[in-house]
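Numbering (the numbering used here), first residue to last: 308 to 748.
Comments concern the structure below.
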Amino acid sequence: MTGIDLSKRKFSSEITEAEPEGVIAGWVQDTRNLGGIAFIHVRDRTGITQVTALKKKLGDDVFAEITSIVRESAIVVMGEIKANAQVKSGFEMLPTEFEVLNKANAPLPLGVVDKVDADLDTRLNNRFLDLRKEEISRIFRVRRIITKEIRAFLDNAGFDEVNTPKIVAAGAEGGSTLFTLDYFGKPAYLAQSSQLYKQTLMASGFDRIYEIAPAFRAEESDTVRHIAEFISLDVEMSFVNSSEDIMNILDSLICHVLTKLDEVMGDEIRELNPDFKAPKGELRKVSYAEAKEMLAEAGKKLEGDLDTEAEKVLGQVMKDKFDEDLYFITDFPSELKIGTFYARRVDDNPDLTGYFDMDYRGQEIVSGGMREHRYDILIKQMKEADLDPDAFEFYLKTFMYGMPPHGGFGLGIERLVQMVLALPNIRECVLFPRDMYRLEP
RNA sequence: GCCCCGGUAGUGUAGUGGCCUAUCAUGGAGCCCUGUCGAGGCUCCGACGCGGAUUCAAAUUCCGCCCGGGGCGCCA
Numbered sequence: 308m309t310g311i312d313l314s315k316r317k318f319s320s321e322i323t324e325a326e327p328e329g330v331i332a333g334w335v336q337d338t339r340n341l342g343g344i345a346f347i348h349v350r351d352r353t354g355i356t357q358v359t360a361l362k363k364k365l366g367d368d369v370f371a372e373i374t375s376i377v378r379e380s381a382i383v384v385m386g387e388i389k390a391n392a393q394v395k396s397g398f399e400m401l402p403t404e405f406e407v408l409n410k411a412n413a414p415l416p417l418g419v420v421d422k423v424d425a426d427l428d429t430r431l432n433n434r435f436l437d438l439r440k441e442e443i444s445r446i447f448r449v450r451r452i453i454t455k456e457i458r459a460f461l462d463n464a465g466f467d468e469v470n471t472p473k474i475v476a477a478g479a480e481g482g483s484t485l486f487t488l489d490y491f492g493k494p495a496y497l498a499q500s501s502q503l504y505k506q507t508l509m510a511s512g513f514d515r516i517y518e519i520a521p522a523f524r525a526e527e528s529d530t531v532r533h534i535a536e537f538i539s540l541d542v543e544m545s546f547v548n549s550s551e552d553i554m555n556i557l558d559s560l561i562c563h564v565l566t567k568l569d570e571v572m573g574d575e576i577r578e579l580n581p582d583f584k585a586p587k588g589e590l591r592k593v594s595y596a597e598a599k600e601m602l603a604e605a606g607k608k609l610e611g612d613l614d615t616e617a618e619k620v621l622g623q624v625m626k627d628k629f630d631e632d633l634y635f636i637t638d639f640p641s642e643l644k645i646g647t648f649y650a651r652r653v654d655d656n657p658d659l660t661g662y663f664d665m666d667y668r669g670q671e672i673v674s675g676g677m678r679e680h681r682y683d684i685l686i687k688q689m690k691e692a693d694l695d696p697d698a699f700e701f702y703l704k705t706f707m708y709g710m711p712p713h714g715g716f717g718l719g720i721e722r723l724v725q726m727v728l729a730l731p732n733i734r735e736c737v738l739f740p741r742d743m744y745r746l747e748p
């Protein structure tokens with residue numbers, strides 16, 4: 308039991324002179340002891356309150372006690388609120404009582420307000436301390452607003468949120484990138500995408516659905532844009548004519564989300580990424596063939612699918628030419644989408660698919676398009692992709708009883724956050740990232 | 001999976017065979033200071049990833065292992 312009633316606690320942002328007595332609680336960020344006066348900066352999730360301790364008023368012993376609290380200890384302070392123009396927040400607290408709720412050990416494995424930077428690895432090993440930094444927790448505020456606005460937009464557009472299993476018997480794109488696990492003695496996998504299930508729901512009359520859920524990839528991809536567990540927004544809609552219908556929804560969705568984000572915390576985002584701006588409206592569509600030409604002009608010859616360098620060059624071209632960050636790449640050749648067996652090819656030109664990517668400054672963040680809803684063609688494409696239809700029985704069955712034409716897309720939430728904030732590493736926008744080497748914390 | 005690079009105090013670094021009893025900053029401990037907010041001044045503390053090899057001598061060279069960083073392929 309503490310002597311100070313924690314239920315009376317106010318956040319730093321709520322401190323005003325209106326209530327002359329107050330209780331604050333948080334972490335001791337820093338102490339400035341000037342001898343006869345000391346300033347203790349107490350941080351909570353809304354900001355910092357300065358506690359001003361006077362030796363004369365508190366007495367030598369209490370003053371020594373309050374000024375010797377180890378940084379990052381959790382404390383609660385009760386005191387008098389005073390307006391003071393010399394303080395950043397405009398208010399300070401003159402303590403009458405305080406209590407260390409739990410002391411921090413010294414030295415800290417990671418400084419929260421130190422003047423030296425720490426490596427990402429060190430920071431992730433001590434993530435709980437890393438997350439106490441405002442500029443780090445800000446990344447997750449951005450992330451929360453993004454997912455909140457995605458839901459707001461899609462709910463409003465008549466989409467229902469669903470959940471599909473993450474323990475599955477087969478993957479959407481073959482077995483090499485699946486994590487295996489033992490499921491009551493049977494082999495099972497962690498879902499690499501909700502593709503098969505969201506299509507199944509199209510055969511179930513849901514019409515418009517979305518899911519925001521983890522996807523697991525056992526790809527041995529050790530890069531700044533890959534993680535083994537990421538959050539995917541999956542959207543699927545049925546009774547649609549073409550990929551245009553799907554791109555329209557995605558276009559409106561992304562513009563809505565980024566516009567709202569700009570409204571709510573645009574300035575804070577630009578402190579971290581000065582180039583952030585919300586797209587104005589309809590996004591540009593560049594066909595694969597056009598992209599190839601634009602790349603040739605820029606001196607990058609392309610054979611086959613866009614490689615990482617091609618994506619980056621194209622991103623720069625879009626920036627230079629149109630001053631645009633976000634754009635579609637459409638009409639991928641079918642030969643590049645063999646592995647994506649469920650992609651529907653253009654009826655009068657089977658060399659092309661209606662598949663598209665959406666790139667954000669040269670980084671792929673979305674991929675999607677019309678799915679193949681006709682059973683026979685699907686089987687054929689599955690075989691071309693070297694997959695065994697027998698392993699997909701539950702999925703294929705849904706195509707035999709009135710599967711409507713449908714399509715959708717998958718968007719990598721972390722990739723979007725990473726590009727909005729221009730973060731150097733995707734791990735920055737995951738609380739506890741999982742990669743080839745990191746399984747804890 | 002392939003290619004390149006690195007591991008020095010709690011944290012970030014300097015140091016490429018002897019000048020190393022290892023630099024600087026930050027941090028920690030302590031002292032001084034009644035308006036700090038990257039506070040300031042002074043003192044002290046604290047480190048060469050592990051194993052082997054070469055050498056009179058290894059933080060420094062070589063080999064193996066472990067850990068980390070970057071790029072590619074692939075993808076969201």
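For every residue, glycine included, the Cβ atom is placed at its ideal position computed from N, Cα and C.
Note that the structure is a prediction, hence the values are computed from the model and not measured.
- Boundaries of the beta strand (DSSP E) around GLY715: 713-719.
- In the structure shown, the three-state DSSP call for ARG448 is helix.
- With contacts defined as CB atoms closer than 8 Å, ALA596 and VAL624 fail to qualify as a contacting pair.
- Across the structure, GLY397 and LYS315 are spaced so that their CA atoms are roughly 21 Å apart.
- If one requires a minimum length of 4 residues, the alpha helix (DSSP H) runs lying completely within the region 522-589 are 550-579, in chain order.
- The bridge partners DSSP lists for TYR662 come to none.
- The way I'd put it, the region 522-530 does touch the region 490-503; three or more beta-carbon pairs between them come closer than 8 Å.
- Annotated three-state conformation of ALA692 is coil, per DSSP.
- Cβ-Cβ separation between GLU372 and ALA411: approximately 15 Å, too far for a contact (criterion under 8 Å).
- In this structure, the straight-line span from the alpha carbon of ASN580 to that of LEU341 is close to 37 Å.
- For the region 372-455, the full-length beta strand (DSSP E) segments reaching 3 residues or more read 381-390 and 398-409 along the chain.
- Spatial neighbours of SER594 in its own chain (CB-CB distance under 8 Å, excluding positions within 5 residues in sequence) are listed in chain order as ILE636, THR637 and ASP638.
- For the pair ILE311 and GLU387, the CB atoms are not nearer than the 8 Å cut-off.
- Pairing ARG651 with MET689 gives a Cβ-Cβ distance that is not under 8 Å.
- The continuous beta strand (DSSP E) containing LYS493 extends over residues 493-497.
- Contact annotation: GLY669 and LYS628 have beta-carbon atoms that are not nearer than 8 Å.
- Beta-bridge pairing by DSSP links ILE474 to LEU497.
- In the three-state scheme derived from DSSP, where H, G and I count as helix and E and B as strand, GLU324 is classed as coil.
- Residue range 344-351 is occupied by the beta strand (DSSP E) that includes ASP351.
- Out of TYR667, LEU488 and LEU723, the CA that lies nearest to the CA of LEU621 is found in TYR667.
- DSSP, read as helix, strand or coil, puts LEU633 in strand.
- Here LYS626 is not near GLU616, since their CB atoms are 8 Å or more apart.
- Here VAL475 is not near GLY714, since their CB atoms are 8 Å or more apart.
- Straight-line measurement puts the Cα of ASP351 at about 16 Å from the Cα of VAL377.
- MET677: member of the beta strand (DSSP E) spanning 670-677, first to last residue.
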